[in-house]
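J.: Just so you know, we're using the working numbering here: the sequence shown kicks off at -17 and counts up by one.
Just so it is clear, CB atoms sit at the ideal spot from N, CA and C, and this is done for glycine as well.
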Amino acid sequence: MEISKPLLVFFSLVFFNLSFSWAAPDPTYQSLLQCLSEIIPSPNVSAVIVSNKNPSFASILESRIHNARFNRTSTLKPTIIITPSDESHVSAAVICSQKVGFQLKIRSGGHDYEALSYTSDKPFFLLDMYNLRDVSVDIPDESAWVQTGATLGELYYHIWEKSNVHGFPAGVCPTVGVGGHIGGAGYGTMIRKYGLTTDYVIDAKIVDVNGKILDRKAMGEDLFWAIRGAGVANFGVVTAYKIKLVKVPEKVTVFRVERFLDNNGTEVAFKWQTVGATTDPNLFTRMLLQPNMKDKQRTVKVTVMGLYLGDINGLLTLLNKDFPELRLNKENCTEMPWIDSVLWWANFDLGTPPNVLLDRNNTDTKFVKRKSDYVQTPIPRDGLESLWQKMVQNEKVGLTCNSYGGKMDEIDPKESAFPHRKGNLYKIQYSINWDDPSIEADIKYTTQAKAVHEFMTQFVSKNPRRAYLNYRDIDIGSAKTWSYEEGKVYGESYFAENFDRLVDVKTAVDPNNFFRNEQSIPPRSTKTA
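1. Our contact map puts Ile173 next to Ile225 with C-beta atoms below 8 Å; I'd like the distance itself, whole angstroms only.
2. Which residues mark the beginning and the end of the beta strand (DSSP E) in which Pro273 is found?
3. Confirm, please, whether the CB-CB distance from Gly218 to Ile209 is below 9 Å.
4. Looking only at its own chain, which residues have a Cβ that is under 7 Å from the Cβ of Ala259, when we skip the five neighbours before and after it?
5. Taking the alpha carbon of Gly296 as the point to measure from, which residue in Asp103, Pro231, Asn246 has its own alpha carbon closest?
6. Rank Cys315, Glu249, Ala167, Asp197 by C-alpha distance to the C-alpha of Arg238 and give the top, closest one.
7. With distance defined between alpha-carbon atoms, name the residue in Phe252, Ala433, Thr382, Asn343 nearest to Asp364.
8. Suppose the cutoff is 7 Å on Cβ atoms and the five residues either side in sequence are ignored; what does the same chain contact list for Ala97 look like?
9. Quick check: the Cα distance between Glu313 and Trp142, rounded to an integer number of angstroms?
10. In terms of DSSP beta bridges, what is Ile31 paired with?
11. Could you tell me whether the stretch 333 to 343 touches the stretch 132 to 149, where touching means 3 or more Cβ pairs closer than 8 Å?
12. How far does the alpha helix (DSSP H) with Asp197 in it extend, from its first residue to its last?
13. Roughly how far, in whole angstroms, is the beta-carbon of Glu69 from the beta-carbon of Val160, given that I think they are within contact range, below 8 Å?
14. For Thr261, count neighbouring C-beta atoms within 10 Å of its own C-beta (all shown protein chains included) and say buried if the count is 16 or more, exposed if not.
15. Leaving aside the five residues before and after Lys144 along the sequence, list all residues of the same chain whose C-beta is less than 6 Å from its C-beta, in chain order.
16. Buried or exposed, going by whether 16 or more other CB atoms sit within 10 Å of the CB of Asn376?
17. Can you tell me which residues form a DSSP beta bridge with Thr248?
18. Tell me Tyr515's beta-bridge partners as DSSP assigns them.
19. Note down, in chain order, each residue of its chain lying with its Cβ closer than 6 Å to the Cβ of Ser502, except the 5 sequence neighbours on either side.
20. Figure out for me which residue from Asn329, Ala399, Phe107, Asn302 has the closest Cα to the Cα of Asp482.
21. Excluding the 5 residues flanking Val76 on each side, which residues of the same chain have their C-beta closer than 6 Å to its C-beta?
22. Assign Asp116 to one of three DSSP states: helix, strand, or coil.
23. Return the CA-CA distance between Asn494 and Leu43, expressed in angstroms with no decimal places.
24. Locate the alpha helix (DSSP H) running through Cys17, then write down its first and last residues.
25. Starting from Thr101 and walking both ways along the alpha helix (DSSP H), at which residues does that stretch end?
26. Enumerate in chain order the residues of its own chain whose CB-to-CB distance from Ser33 is below 8 Å, with the five nearest sequence positions on each side excluded.
27. Going by DSSP, which residues form a beta bridge with Val189?
28. DSSP state of Ile410, grouped into three classes?
29. Going straight from the alpha carbon of Gly83 to that of Ile456, what length do you get?
30. With DSSP collapsed to three states, give me the class of Glu317.
31. Mark Ile22 as exposed unless 16 or more other C-beta atoms lie within 10 angstroms of its C-beta, in which case mark it buried.
32. Rounding to the nearest angstrom, what Cα-Cα distance links Lys378 and Thr133 in this structure?
33. Nearest by alpha-carbon distance to Gly92: which of His163, Ser79, Asn302, Gly333 is it?
34. Report the residue from Thr429, Lys353, Ala126, Gln371 whose alpha carbon sits nearest the alpha carbon of Val117.
35. Can you round the beta-carbon distance between Pro319 and Lys175 to whole angstroms, since I take them to be within the 8 Å contact cut?
36. Have a look at Asp417 and Phe349 and give me their C-alpha separation to the nearest angstrom.
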């Protein structure tokens, strides 16, 4: 079919206009490009920056958004996404963002529950660390260098490639970014045996506010202390960590037991609170409390699942002595290599090959809200009974309770920026997910989360009521002017007695507060870059 000349001209103009709409010179884009070109010795500098007019912009931004609440049309998007593939690009991005006059947000894996790593209420650039994901494992040294754009799944896979008797004590979600996870302390199923993820950081590389690339020796021990637990985006851009690997047995054991309230559920929940924190450190347990339906009645299901660094017989002997109320039997347990336990905790089917851990695709983004607490004395039975009633009334809020004790009781709370160690029986994550995109649904479900969290006030830590940074919760407080008083509200919940030292570190390394978000550490001065 022959196209008439007028139609051909029309379509040519449409194509030209569409292309011009994102390729046309933009003052901010051009200023950033010019600045980067003066620093980065490469003719392909433009490949590092993606304007919000670029057709690829939406797919790059959305590929690492894990909370649909912050991907609405009303959400302010970054003006430009910077995608470094070398640490020198990070240095240039820090220098040039300041020169152009834009705030810089830093995203590793995008699992920030409040999206503070990739949203703002003012125009900003997004530094997306996605391409910085090299993992170099040195088994003879029992260490690894891992860049902060890598995921936990990629890290676990590359350790497994080299050894089946080494692992790393980090989280269970394989798509979580290494940068945010370690920076906010991090923990996983070996927390009682080995402690926190950040306890195994032995070196790091950070780009400071002046664009200098510093290792542990160059940054000094105060900054190295701060970036292990206080969130790295307060002080600079961490590009890589050197981590110490840990030994794991050739076979470990996982198990899962479910009980409803009419089948010993309350007794299991009550006993777990003390057993979880006092039993053999080789055993980590997680208790899930979930509203559920049984026989057309609303109730609560109590699930205890765990990882034991040993065989089934050793686990059964241990729990039959320490926790007979659980009634654990061999059918509840499975022995497997440690890497398969990583897959099990991530809800993959038995027999799934480890290379699935390399999949970074984000295919099931829901609307979510999270909160956290620390429990230091057991909730009494009547307290649990009242909790069940509250959960039935707020039918979508679940509680994930993670056992402490063991190694966590041995490390001083001032050893790193993360303070919540000795004296805690367990940590709670309050979770609620939904699919309805309406604002009404958002209000309904976040209100449910707040209601259960408020009810728990009587049972959890006090003065301050403590919270876990990596379970980010903007309800605790947020900064408008980044004053010390504003920061103290959320800072003492996240960092307790370590907050003042963190303020001193911030004041020393970033006095003009260039690196900031709505819950960042403030400098002593309120001057903001």
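T.: Reading it off the structure:
1. Taking the first residue of the sequence shown as position 1, residue 173 is located at position 191. Taking the first residue of the sequence shown as position 1, residue 225 is located at position 243. Their Cβ separation, rounded to whole angstroms, is 15 Å, which puts Ile173 and Ile225 out of contact at 8 Å.
2. Taking the first residue of the sequence shown as 1, we reach residue 273 at position 291. Run containing Pro273: 265 to 276, per the beta strand (DSSP E) assignment.
3. Translated into positions along the sequence shown, residue 209 becomes position 227. Translated into positions along the sequence shown, residue 218 becomes position 236. Cβ atoms of Ile209 and Gly218: closer than 9 Å.
4. To locate residue 259, count along the sequence shown from 1; it is residue 277. Setting aside the 5 residues that flank it on each side, Ala259 is surrounded in the same chain by Ser385, Tyr386, Gly387, Leu407, Tyr408, each with a C-beta closer than 7 Å to its C-beta; the list follows chain order.
5. Position 314 of the sequence shown, counted from the first residue, corresponds to residue 296. The shortest C-alpha separation from Gly296 is found at Pro231.
6. Taking the sequence shown and counting its residues from 1, the one referred to as residue 238 is at position 256. Among Cys315, Glu249, Ala167, Asp197, the Cα nearest to that of Arg238 is on Cys315.
7. Taking the sequence shown and counting its residues from 1, the one referred to as residue 364 is at position 382. Looking at the Cα atoms, Phe252 is the closest of the given residues.
8. By one-based count along the sequence shown, residue 97 stands at place 115. Annotation for Ala97: Asn49, Phe52 place their beta carbon closer than 7 Å to its own, counting only its chain and skipping 5 residues before and after.
9. What you label residue 313 is simply residue 331 of the sequence shown in a count that begins at 1. What you label residue 142 is simply residue 160 of the sequence shown in a count that begins at 1. Computed Cα separation, rounded: 27 Å.
10. Against the sequence shown, residue 31 aligns to sequence position 49. Ile64, per the DSSP bridge assignment.
11. These segments touch.
12. Here residue 197 refers to the residue found at position 215 of the sequence shown. That residue, Asp197, is in no alpha helix (DSSP H); it is neither H nor E in DSSP.
13. As a first step, residue 69 must be located in the sequence shown, where it is residue number 87. As a first step, residue 160 must be located in the sequence shown, where it is residue number 178. Incorrect: roughly 15 Å between the Cβ atoms, too far for contact.
14. As a first step, residue 261 must be located in the sequence shown, where it is residue number 279. By the 10 Å Cβ count, Thr261 comes out buried.
15. As a working note, residue 144 is residue 162 in the sequence shown. Contacts found: Val119, Ile121.
16. Along the sequence shown, read from residue 1 onward, the residue named residue 376 stands at position 394. Asn376 is buried by the Cβ-count criterion.
17. Here residue 248 refers to the residue found at position 266 of the sequence shown. Thr248 pairs with nothing; no bridge assigned.
18. The chain is shown only over -17 to 511; residue 515 falls outside these bounds and no answer can be derived.
19. Residue 502 sits at position 520 when you count from the first residue of the sequence shown. Hits under 6 Å: Asn216.
20. As a first step, residue 482 must be located in the sequence shown, where it is residue number 500. Checked all of Asn329, Ala399, Phe107, Asn302; the closest Cα to Asp482 is Ala399.
21. Here residue 76 refers to the residue found at position 94 when the sequence shown is read from its first residue. The residues are Val189, Gly193.
22. Mapped onto the sequence shown, residue 116 falls at position 134. In the structure shown, Asp116 sits in coil (DSSP, three-state: anything other than H, G, I, E or B).
23. Position 512 of the sequence shown holds residue 494. Position 61 of the sequence shown holds residue 43. Their Cα atoms are separated by approximately 28 Å.
24. As a working mapping, residue 17 is identified with position 35 in the sequence shown. Unbroken alpha helix (DSSP H) run through Cys17: 9 to 21.
25. Here residue 101 refers to the residue found at position 119 of the sequence shown. Going by DSSP, Thr101 is part of no alpha helix (DSSP H) at all; its letter is neither H nor E.
26. Mapped onto the sequence shown, residue 33 falls at position 51. Within the same chain, Ser33 has close Cβ partners Trp4, Asp8, Tyr11, Phe39, Thr61, Ile62.
27. Residue mapping note: residue 189 aligns to position 207 of the sequence shown, counting from 1. Per DSSP, Ile195, Val219.
28. Residue 410 sits at position 428 when you count from the first residue of the sequence shown. DSSP places Ile410 in strand when its eight states are reduced to three.
29. Translated into the one-based positions of the sequence shown, residue 83 becomes position 101. Translated into the one-based positions of the sequence shown, residue 456 becomes position 474. Rounded to whole angstroms, Gly83 to Ile456 spans 26 Å at the Cα level.
30. Within the sequence shown, the letter at position 335 stands for residue 317. Per DSSP, reduced to three states, the secondary structure at Glu317 is strand.
31. For this step, residue 22 is matched to residue 40 along the sequence shown. In the assembly as shown, Ile22 is a buried residue. Its beta-carbon has 16 or more other beta-carbons within 10 Å.
32. Looking up residue 378 in the sequence shown gives position 396. Looking up residue 133 in the sequence shown gives position 151. Lys378 and Thr133: Cα-Cα distance of roughly 29 Å.
33. Counted from its first residue, the sequence shown places residue 92 at position 110. For Gly92, the nearest C-alpha among the options comes from His163.
34. Reading the sequence shown from its first residue, position 135 is the one you call residue 117. Out of Thr429, Lys353, Ala126, Gln371, Ala126 has the C-alpha closest to the C-alpha of Val117.
35. Along the sequence shown, read from residue 1 onward, the residue named residue 319 stands at position 337. Along the sequence shown, read from residue 1 onward, the residue named residue 175 stands at position 193. No, Pro319 and Lys175 are not in contact; Cβ-Cβ is about 17 Å, not under 8 Å.
36. Locating residue 417 in the sequence shown gives position 435, counting from the first residue. Locating residue 349 in the sequence shown gives position 367, counting from the first residue. Distance between the alpha carbons of Asp417 and Phe349 is about 6 Å.
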